[in-house]
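Enquirer:
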Amino acid sequence: MRLMLCGDVVGRAGRDAVVAHLPRLRHELALDFVVVNGENAAHGFGITDRICAELYACGVDVITTGNHVWDRREIMAYIAGDPRLLRPINYPAAQPGRGFGIYRLADGRRVLVANAMARLFMDAIDDPFAAIDRLLGEHRLGDLAAILLDFHGEATSEKNSMGHFCDGRASAVIGTHSHVPTADYRILTKGTAYMTDIGMCGDYDSVIGMRKEGAIARFVTKLPGERLEVAEGEATLCAVVIETDDATGLARAVAPLRLGGKLAPAWPDFARAPAPAK
Ligand SMILES: [Fe+2]
Ligand SMILES: [Fe+2]
Numbered sequence: 012m013r014l015m016l017c018g019d020v021v022g023r024a025g026r027d028a029v030v031a032h033l034p035r036l037r038h039e040l041a042l043d044f045v046v047v048n049g050e051n052a053a054h055g056f057g058i059t060d061r062i063c064a065e066l067y068a069c070g071v072d073v074i075t076t077g078n079h080v081w082d083r084r085e086i087m088a089y090i091a092g093d094p095r096l097l098r099p100i101n102y103p104a105a106q107p108g109r110g111f112g113i114y115r116l117a118d119g120r121r122v123l124v125a126n127a128m129a130r131l132f133m134d135a136i137d138d139p140f141a142a143i144d145r146l147l148g149e150h151r152l153g154d155l156a157a158i159l160l161d162f163h164g165e166a167t168s169e170k171n172s173m174g175h176f177c178d179g180r181a182s183a184v185i186g187t188h189s190h191v192p193t194a195d196y197r198i199l200t201k202g203t204a205y206m207t208d209i210g211m212c213g214d215y216d217s218v219i220g221m222r223k224e225g226a227i228a229r230f231v232t233k234l235p236g237e238r239l240e241v242a243e244g245e246a247t248l249c250a251v252v253i254e255t256d257d258a259t260g261l262a263r264a265v266a267p268l269r270l271g272g273k274l275a276p277a278w279p280d281f282a283r284a285p286a287p288a289k
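The opening position of the sequence shown corresponds to residue 12 in the numbering used here, with each subsequent residue numbered one higher.
#1: Cβ-heavy atom distance between D118 and ligand 1 below 8 Å?
#2: Starting from the Cα of G49, find the closest Cα among V80, S189, L40 and K233 and give me that residue.
#3: Would Y18 and D214 be called neighbours here (beta carbons separated by less than 9 Å)?
#4: In three-state DSSP terms, what is V124?
#5: For D144, which of helix, strand or coil comes out of DSSP?
#6: Are A266 and D280 closer than 9 Å when you measure CB to CB?
#7: State the DSSP-derived secondary structure class of L36, mapped to helix, strand or coil.
#8: Return the CA-CA distance between N126 and L16, expressed in angstroms with no decimal places.
#9: With burial defined as no fewer than 16 other Cβ atoms inside 10 Å of the residue's Cβ, what is the status of P103: buried or exposed?
#10: Note down the Cα distance separating A221 from T200, rounded to an integer number of angstroms.
#11: Rounded to whole angstroms, what's the CA-CA distance from S182 to V231? Just pull it up for me.
#12: Is V29 near ligand 1, judged by its Cβ being under 8 Å from some heavy atom?
#13: Sorry if obvious, but does the Cβ on D208 come closer than 8 Å to a heavy atom of ligand 1?
#14: Taking its Cβ as the centre, do 16 or more other Cβ atoms sit within 10 Å of P119, making it buried, or is it exposed?
#15: For M128, verify whether its CB is less than 8 Å away from any heavy atom of ligand 1.
#16: Please determine whether the Cβ atom of D161 lies at a distance below 8 Å from any heavy atom of ligand 2.
#17: Does E39 pass the burial test, meaning 16 or more other C-beta atoms within 10 Å, or should it be called exposed?
#18: Nearest to A282 by CA position, among G179, T203, T167 and A41, is which residue?
#19: CA-CA distance, D82 and D134?
#20: Could you check if G148 is buried or exposed, using at least 16 other CB atoms within 10 Å of its CB as the buried criterion?
#21: Using C-beta distances below 7 Å, list every residue in its chain close to M128, excluding the 5 sequence neighbours before and after it, in chain order.
#22: Given the structure, does H150 come close to ligand 2, in the sense that its CB is under 8 Å from one of the ligand's heavy atoms?
#23: Once the 5 residues before and after S189 are set aside, which same chain residues still bring their CB inside 7 Å of it?
#24: Looking at N51 and ligand 2, is the gap between the Cβ and the nearest heavy atom below 8 Å?
#25: Thinking R109 and R115 are a contact (beta carbons under 8 Å), I'd like their distance in whole angstroms, please.
#26: State buried or exposed for L131, treating a residue as buried only when at least 16 other CB atoms are found within 10 Å of its CB.
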């Protein structure tokens with residue numbers, strides 16, 4: 012199975028990149044399932060029902076989030092009715108929405124997508140390792156064709172640890188939140204694809220997606236500034252493509268994909284060939 016996960020979609024520039032490229036990418040890369048992190052899709056802060064619809068319409072199957080999930084409060088009422096929109100699994104249980112879902116492809120294969128959030132330099136929420144350990148105890152590769160975890164966090168050590176913690180139990184553990192892509196994509200020793208951070212779908216002529224001037228001023232003046240404004244130049248679409256073995260659910264290949272904007276392009280060479288027989 013071929014899966015793609017796109018990093019945090021930041022504002023209109025990020026949405027435009029996903030909408031412009033995804034229909035063609037789905038076809039060219041023979042993608043079976045596409046997940047995007049949408050926590051910054053609404054002008055950099057949160058997501059709305061209208062944006063969810065826009066992303067689904069262009070070929071997104073599931074939307075993950077993170078610490079910005081509730082920035083647009085109207086999404087609290089919406090999320091309970093949309094099983095394709097996830098929030099971190101280790102947020103308080105009373106919160107609306109869900110932290111994982113099992114999705115059935117047209118050919119019958121089932122994919123589990125989970126969204127968890129790290130704790131170092133982030134909100135003090137429930138232990139993500141315990142939450143994911145429970146989930147992987149209840150849902151296993153073999154019964155499911157693939158298991159994909161979007162682990163949303165700041166510290167590379169915590170994300171790296173989650174990768175190894177899930178090695179052999181998940182198809183892929185992929186980091187989001189930093190908005191900066193890392194070069195450490197690889198398959199871990201027991202077969203789980205891993206990448207510390209995919210980067211964002213956003214304008215890189217910016218400070219992690221926000222206009223440079225306001226972001227710099229916060230560091231220079233150390234005064235509460237004006238609200239950060241999203242950068243609206245051409246976005247780089249940053250994603251990771253994973254190919255899994257349907258029999259084991261483990262990864263056969265993993266590589267980054269970057270298109271457009273300021274970053275050097277990257278293309279997953281393994282995905283040029285037609286998808287292997289199921
Ligand atoms: Fe983000
Ligand atoms: Fe985040």
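Note that beta-carbon positions come from the ideal geometry of N, C-alpha and C, so glycine has one too.
Expert: With the structure as the only source:
#1: Along the sequence shown, one-based indexing puts residue 118 at 107. Ligand 1 never approaches D118 closely enough for any of its heavy atoms to be under 8 Å from the residue's Cβ.
#2: As a position in the sequence shown, residue 49 is number 38, starting the count at 1. It is V80 whose Cα lies nearest to the Cα of G49.
#3: Looking up residue 18 in the sequence shown gives position 7. Looking up residue 214 in the sequence shown gives position 203. The sequence shown places Gly at residue 18, rather than the Tyr named in the question. Cβ distance not < 9 Å, so G18 and D214 don't count as in contact.
#4: Within the sequence shown, the letter at position 113 stands for residue 124. Of the three classes helix, strand and coil, the one that applies to V124 here is strand, per DSSP.
#5: Taking the first residue of the sequence shown as 1, we reach residue 144 at position 133. In this structure, DSSP gives D144 a helical state, which the three-state scheme calls helix.
#6: Within the sequence shown, numbered from 1, the residue matching residue 266 stands at position 255. Within the sequence shown, numbered from 1, the residue matching residue 280 stands at position 269. Yes, the pair counts as a contact, with Cβ atoms nearer than the cut-off.
#7: What you label residue 36 is simply residue 25 of the sequence shown in a count that begins at 1. Three-state DSSP puts L36 in a helix.
#8: Within the sequence shown, residue 126 is the residue found at index 115, counting from 1. Within the sequence shown, residue 16 is the residue found at index 5, counting from 1. The alpha-carbon atoms of N126 and L16 are separated by roughly 12 Å.
#9: Here residue 103 refers to the residue found at position 92 when the sequence shown is read from its first residue. With fewer than 16 neighbouring CB atoms inside 10 Å of its own CB, P103 falls in the exposed class.
#10: As a working mapping, residue 221 is identified with position 210 in the sequence shown. As a working mapping, residue 200 is identified with position 189 in the sequence shown. For the sequence presented, residue 221 should be read as Met rather than Ala. Straight-line measurement puts the Cα of T200 at about 37 Å from the Cα of M221.
#11: Here residue 182 corresponds to residue number 171 of the sequence shown, with the count starting at 1. Here residue 231 corresponds to residue number 220 of the sequence shown, with the count starting at 1. Inter-residue distance for S182 and V231 is about 43 Å (C-alpha atoms, whole angstroms).
#12: Looking up residue 29 in the sequence shown gives position 18. No - ligand 1 has no heavy atom lying nearer than 8 Å to the Cβ of V29.
#13: Mapped onto the sequence shown, residue 208 falls at position 197. The answer is no for D208.
#14: Taking the first residue of the sequence shown as position 1, residue 119 is located at position 108. Checking the sequence, you will find Gly at residue 119 rather than Pro. Exposed, because fewer than 16 other Cβ atoms sit within 10 Å of the Cβ of G119.
#15: Here residue 128 corresponds to residue number 117 of the sequence shown, with the count starting at 1. Because no heavy atom of ligand 1 lies under 8 Å away, the Cβ of M128 does not count as near it: no.
#16: By 1-based counting over the sequence shown, the position of residue 161 is 150. Every heavy atom of ligand 2 is 8 Å or more from the Cβ of D161, so no.
#17: On the sequence shown, position 28 is the one that residue 39 refers to. Within 10 angstroms of the beta-carbon of E39 lie fewer than 16 other beta-carbons, which makes it exposed.
#18: By 1-based counting over the sequence shown, the position of residue 282 is 271. Nearest of G179, T203, T167 and A41 to A282, Cα basis: A41.
#19: Reading the sequence shown from its first residue, position 71 is the one you call residue 82. Reading the sequence shown from its first residue, position 123 is the one you call residue 134. Spanning the two alpha carbons is a distance of roughly 14 Å.
#20: Position 137 of the sequence shown, counted from the first residue, corresponds to residue 148. By the 10 Å Cβ count, G148 comes out exposed.
#21: Stepping through the sequence shown from its first residue, residue 128 is reached at position 117. If we look at M128 and ignore the five residues flanking it on each side, its Cβ neighbours are G77, N78, P99, N101, I136, P139, H163 and G164.
#22: For the purposes of this step, residue 150 is identified with residue 139 of the sequence shown, where counting begins at 1. For ligand 2, not one heavy atom lies less than 8 Å from the Cβ of H150.
#23: Taking the first residue of the sequence shown as position 1, residue 189 is located at position 178. Excluding sequence positions up to five before and after S189, its CB lies within less than 7 Å of the CB of E165 and D208, all in the same chain and listed in chain order.
#24: For the purposes of this step, residue 51 is identified with residue 40 of the sequence shown, where counting begins at 1. Between ligand 2 and the CB of N51, the shortest heavy atom gap is smaller than 8 Å.
#25: Position 98 of the sequence shown, counting from 1, holds the residue named residue 109. Position 104 of the sequence shown, counting from 1, holds the residue named residue 115. Incorrect: roughly 16 Å between the Cβ atoms, too far for contact.
#26: Taking the sequence shown and counting its residues from 1, the one referred to as residue 131 is at position 120. Exposed.
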